[in-house]
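Q: One structure coming up, written as structure tokens, with questions to follow.
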Amino acid sequence: MNDAQLILEINKLKKEKDVALLAHYYEDGVIQDLADYVGDSFYLSKMGQQVLNKNILLAGVVFMAESVKILNPEKTVLVPDTEASCSLVEGAPYEKYLAWRRQYPDAICVTYINSSAEVKSISDVIITSSNAKQIVESIPKDRRILFGPDQHLGKWLSKQLNREFILWPGACQVHILFNAGRLKALIDENQDALVIAHPECDDEILKHATVIGSTSRLLEEVEKNKSYKKFIVATETGIFHQMQKLRPDAELIQAPVVDENCMCNDCPFMKMNNLEKIHRALLTFKPEVKLDEALRNKAYASLDRMMKITSNKPVEWPAQFNG
Ligand code: 13P
Ligand code: SF4
Numbered sequence: 086m087n088d089a090q091l092i093l094e095i096n097k098l099k100k101e102k103d104v105a106l107l108a109h110y111y112e113d114g115v116i117q118d119l120a121d122y123v124g125d126s127f128y129l130s131k132m133g134q135q136v137l138n139k140n141i142l143l144a145g146v147v148f149m150a151e152s153v154k155i156l157n158p159e160k161t162v163l164v165p166d167t168e169a170s171c172s173l174v175e176g177a178p179y180e181k182y183l184a185w186r187r188q189y190p191d192a193i194c195v196t197y198i199n200s201s202a203e204v205k206s207i208s209d210v211i212i213t214s215s216n217a218k219q220i221v222e223s224i225p226k227d228r229r230i231l232f233g234p235d236q237h238l239g240k241w242l243s244k245q246l247n248r249e250f251i252l253w254p255g256a257c258q259v260h261i262l263f264n265a266g267r268l269k270a271l272i273d274e275n276q277d278a279l280v281i282a283h284p285e286c287d288d289e290i291l292k293h294a295t296v297i298g299s300t301s302r303l304l305e306e307v308e309k310n311k312s313y314k315k316f317i318v319a320t321e322t323g324i325f326h327q328m329q330k331l332r333p334d335a336e337l338i339q340a341p342v343v344d345e346n347c348m349c350n351d352c353p354f355m356k357m358n359n360l361e362k363i364h365r366a367l368l369t370f371k372p373e374v375k376l377d378e379a380l381r382n383k384a385y386a387s388l389d390r391m392m393k394i395t396s397n398k399p400v401e402w403p404a405q406f407n408g
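Be aware that the sequence shown starts at 86, since it is given in the working numbering, and climbs by one per residue.
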């Protein structure tokens with residue numbers, strides 16, 4: 086089947102089988118345009134909890150599909166490729182994270198959504214880059230904070246909030262590849278451009294950015310800041326699709342990477358998804374996200390705290406980690 090036929094079939098199967106298609110901003114434009122909901126990881130979690138369809142297909146990475154299943158276990162949650170992981174997930178294996186967590190039993194463990202269900206199950210609260218500040222601010226000032234697995238997001242947040250974190254040393258393999266020297270030269274050549282960056286980038290990149298935020302925050306800046314017609318964007322390439330749609334008049338320049346010949350800012354995990362795999366998942370209802378119920382329950386507690394805090398509801402913090 087060619088792309089046009091696949092698109093027709095996908096739309097037909099979605100309706101017939103009552104499936105909501107959720108896609109992350111880092112997917113190819115053609116997938117974003119097919120989706121019922123497109124957004125950042127927090128938005129996808131929320132929509133995954135709220136959609137009325139019986140089934141959900143999440144075109145993103147596995148931890149996003151797992152988060153939806155944890156929050157909304159009644160739904161059948163499909164993911165086009167179970168190999169679509171994330172370097173942050175890979176860099177924080179459960180046993181090691183548990184050993185680290187056990188070293189600081191009195192601390193609150195704040196874990197980025199880019200983590201496995203097992204790691205979520207031993208965390209106190211989950212954050213995404215769009216709600217991290219609000220969540221950390223809600224933690225009592227006298228509690229120590231363990232923050233993982235993204236050290237760059239952690240360092241940026243810790244500076245923003247003037248609060249010390251004990252950091253897990255993980256990183257996003259895509260966002261650490263921007264090159265500060267080449268970025269500086271690009272800024273010098275384009276002094277009329279606004280530099281915007283995702284907080285998974287290294288400090289050396291972030292110090293050049295005027296706006297730092299989640300994928301949806303960066304999109305909002307491009308959409309609403311009409312005083313700029315040029316933006317230098319330090320994040321994954323998929324977001325350019327929505328940016329260009331919302332600001333066809335704007336010039337969007339990808340921040341330079343270490344090697345000008347590589348496609349380093351395409352997330353290899355997000356880009357594992359394609360029309361064929363989405364079509365196959367709808368046709369066969371496989372692969373489906375399945376989680377052990379005891380694990381799901383434990384992971385739910387930390388994701389539920391995220392949902393409660395972002396809805397301004399009160400939460401209780403455990404005094405001690407007993408796992
Ligand atoms: P967002 O929360 O901004 O969607 O980020 C998720 C992610 O994986 C960024 O690399
Ligand atoms: Fe993970 Fe980075 Fe890909 Fe986001 S862009 S899914 S953090 S590897």
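Think of the CB as a built atom: it goes at the ideal place given N, C-alpha and C, for glycine as much as any other residue.
What you are looking at is a predicted structure, and each value in this text was computed from that prediction instead of being measured.
For S299, is the beta carbon positioned less than 7 Å from some heavy atom of the ligand 13P?
A: Checking the Cβ of S299 against the ligand 13P gives yes.
Q: Which runs of the alpha helix (DSSP H) fall wholly inside the segment 196-223 and span at least 4 residues, in chain order?
A: The qualifying runs are 202-206 and 217-222.
Q: Just mark P333 as buried or exposed, buried being the case when its beta carbon has 16 or more other beta carbons within 10 Å.
A: The residue in question, P333, is exposed, as its Cβ has fewer than 16 Cβ neighbours within 10 Å.
Q: Grab the span of the beta strand (DSSP E) containing Q339 for me, first residue to last.
A: Per DSSP, Q339 belongs to the beta strand (DSSP E) from E336 to Q339.
Q: List the endpoints of the continuous beta strand (DSSP E) containing L163.
A: Its beta strand (DSSP E) spans residues T161 to L163.
Q: Smallest Cα separation from E249: which of A256, E308 and I193?
A: Cα-wise, what sits closest to E249 is I193.
Q: If you measure from the CB of G173, is any heavy atom of the ligand SF4 nearer than 7 Å?
A: Before going further, note that residue 173 is Leu rather than Gly in the sequence given. Indeed, a heavy atom of the ligand SF4 lies less than 7 Å from the Cβ.
Q: Should C257 be counted as a contact of the ligand SF4 given a C-beta to heavy atom distance under 7 Å?
A: C257 Cβ: within cutoff of the ligand SF4.
Q: Rounded to a whole number of angstroms, what is the C-alpha to C-alpha distance between A169 and A202?
A: Using only the alpha carbons, I get a separation of about 15 Å.
Q: Please name the residue, chosen from T300, N264, I324 and K205, that lies closest to S387 on a Cα-to-Cα basis.
A: When each option's Cα is compared against that of S387, the closest is K205.
Q: Reducing DSSP to helix, strand and coil, say where Y385 ends up.
A: Note: Y385 maps to helix in three-state DSSP.
Q: Please confirm whether any heavy atom of the ligand SF4 lies closer than 7 Å to the CB of K354.
A: Here residue 354 turns out to be Phe, not Lys, going by the sequence shown. Yes - the ligand SF4 has a heavy atom lying nearer than 7 Å to the Cβ of F354.
Q: Would I317 and L262 be called neighbours here (beta carbons separated by less than 8 Å)?
A: No; because the gap between Cβ atoms is not below 8 Å, this pair is not in contact.
Q: Taking C-alpha atoms, which residue in V146, A105 and N216 lies nearest to V195?
A: Of the listed residues, the one whose Cα sits closest to V195 is N216.
Q: Where does the unbroken alpha helix (DSSP H) through I95 begin, and where does it stop?
A: It spans D88 to E101 - the alpha helix (DSSP H) in which I95 sits, taken as one unbroken run.
Q: Measuring only the C-alpha atoms, how far is N350 from L242?
A: So the two alpha carbons sit approximately 23 Å from each other.
Q: Based on the DSSP output, what are the partners of K226 in its beta bridges?
A: DSSP output for K226 lists no bridge partner at all.
Q: Can you give me the C-alpha to C-alpha distance between D377 and L279, rounded to a whole angstrom?
A: One C-alpha to the other measures close to 46 Å.
Q: Pick helix, strand or coil for E401, following the three-state DSSP scheme.
A: Here E401 sits in coil by DSSP.
Q: Considering only C-alpha positions, which residue in the set G408, C171, M391 and L156 is nearest to S223?
A: Of G408, C171, M391 and L156, the residue nearest in Cα terms is M391.
Q: Could you say if the segment 252-269 and the segment 225-237 meet the contact criterion of at least three C-beta pairs nearer than 8 Å?
A: As far as the Cβ criterion goes, the segment 252-269 touches the segment 225-237, which means the pair count is three or higher.
Q: Whole angstroms is fine: what's the gap from L303's alpha carbon to H283's?
A: Whole-angstrom Cα-Cα distance: 8 Å.
Q: For K393, which residues in the same chain have their Cβ closer than 8 Å to its Cβ, ignoring the five residues on either side in sequence?
A: Cβ within range, chain order: P399 and V400.
Q: Would a C-beta distance cut-off of 8 Å place Y110 and G408 closer than the cut-off?
A: Going by C-beta atoms, Y110 is not nearer than 8 Å to G408.
Q: Quick check: the Cα distance between A108 and D118, rounded to an integer number of angstroms?
A: Straight-line Cα distance between these residues: approximately 9 Å.
Q: Considering only DSSP beta bridges, list what F148 is partnered with.
A: In DSSP, F148 forms no bridge with anything.
Q: Would L291 pass as an interface residue toward chain B - the criterion being a Cβ-Cβ separation below 8 Å?
A: Among the chains in the structure shown there is no chain B, since it carries only a single protein chain.
Q: Please state whether the Cβ-Cβ distance between T167 and P372 is less than 8 Å.
A: In contact: T167 and P372 (Cβ atoms closer than 8 Å).
Q: Who are the near neighbours of Q134 in its chain, counting only those whose CB is closer than 6 Å to its CB and skipping five residues on each side?
A: Result list for Q134: L156 and N157, in chain order.
Q: Only counting the same chain, and skipping five residues up and downstream in sequence, which positions put a Cβ closer than 7 Å to that of V374?
A: Once the five neighbours on either side are set aside, the close Cβ partners of V374 are A150, E151, K154, V162 and V164.
Q: Please report how far the alpha carbon of E305 lies from the alpha carbon of F127, in whole angstroms.
A: Straight-line Cα distance between these residues: approximately 15 Å.
Q: Let me check you understand the geometry: is the CB of H109 closer than 7 Å to at least one non-hydrogen atom of the ligand 13P?
A: Within the cutoff, so yes.
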